[in-house]
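*Asks:* This is the structure I want to talk about, given as structure tokens.
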Amino acid sequence: MTEEEDPQKNADTQLYDVLVPPGVPRKIIADVLNKFDVELVGRKQRLYFANMEGDEREILAFRAPLEVAEEVEKFIFAELKEFIGEE
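Numbering (the working numbering), first residue to last: 9 to 95.
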């Protein structure tokens, strides 16, 4: 049985969510899914910006082990900076 197939090994792996900020282009989301071993999940989160005084919304998140989650976060911010023309 490989590591991926071993249910005990997978049960011990702590997973982290990288929240996708509202407004992230679909291309960046697709790039993350193609480049990293992550699961795209929906997650309820209270938002406190614009006219959302703590409104609970369903937002997207990438679920992955810590190392991968940190890489995904860096990738998203680098891509967003390029998208808005900061780099």
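Glycine included, every Cβ here is placed at the ideal spot set by N, Cα and C.
#1: Which of the three DSSP states is assigned to VAL26 in this structure?
#2: Go to PHE70, then tell me how far its beta strand (DSSP E) extends in each direction, as first and last residue.
#3: How is the beta strand (DSSP E) around VAL49 delimited, first residue to last?
#4: Tell me which residues share the same chain as TYR56 and place their Cβ nearer than 8 Å to its Cβ, disregarding the 5 neighbours each side in the sequence.
#5: Taking the C-alpha atoms as reference points, what is the distance between PRO15 and THR21?
*Replies:* This is what the structure holds:
#1: strand
#2: Segment 63-73, the beta strand (DSSP E) holding PHE70.
#3: 47-55
#4: GLY62
#5: Residue confidence for PRO15 is low, a pLDDT of 47 falling below 50, so the modelled location carries little weight; the figure read from the coordinates is stated next. The straight-line gap from Cα to Cα measures roughly 10 Å.
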